[in-house]
Amino acid sequence: YDKVSKRIECTFWELHNVFNSNNPSSANAENLYNGLLKTLHDFNIPLTNVIGFGSDGCNVMMGEHNSVASRLRDSCPGIFIMKCVYHSAYLCVSEACKYLPRSCEDLARNIYNFLKSSSKRQSELVQFQRFMDIEPHKILHSSQRRWLLLGAVVSRLLEQWETLKLYFADAYLAQRLIAT
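For the sequence shown, the positions run 756 to 935 when the working numbering is used.
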């Protein structure tokens, strides 16, 4: 809580080096926990003021028996400990997406790539969106490492589906006219 702004502030606090390059095993739960205690001490924050702890779900941070979280549970009875759900959701979605037909991802990627390489095509799509009275949103890109974006990509394609069908039908006919 920041007394000046009278609200809870979330900011980067401090970068604390816990890894000794000469001793790779130094990045363990005990050293991480001790580094946290030292930082709290350096900023005159008593451990009794710590009410919550959030981290990614790796074993050294959140393991049941020998982790930063288990040490905090021992030191701060009643502490609220929250594992980052983003990483867990990412793993679940990544696994689920392995079962999607490859053609779905290919379609999304092909539409994006066709449009991204040409300002003219993007401008024409905006004209079609206006004609169809659809909000002129850009088509999103699905990165292979960011499966959580796939939902947004698919939602955007569905939102723009009728416009995209009309746009690509027009592009197809224009190419046929040029070819004849």
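We treat Cβ as the ideally placed atom computed from N, Cα and C, and that holds for glycine.
Keep in mind the model is a prediction, meaning the values are calculated, not measured.
Boundaries of the alpha helix (DSSP H) harbouring K793: A784 to D797, taken from the DSSP string.
Our two residues, V881 and D925, have alpha carbons roughly 14 Å apart in a direct line.
By the Cβ test, the stretch 867 to 876 is not in contact with the stretch 833 to 842, since fewer than three Cβ pairs between them sit closer than 8 Å.
Here the alpha carbons of F923 and S858 stand approximately 18 Å from one another. G807 is bridged by DSSP to F835.
Beta-bridge pairing by DSSP links N821 to no other residue.
In the three-state scheme derived from DSSP, where H, G and I count as helix and E and B as strand, N772 is classed as coil. Contact between the stretch 814 to 833 and the stretch 798 to 805 is present: three or more C-beta pairs spanning the two stretches fall below 8 Å.
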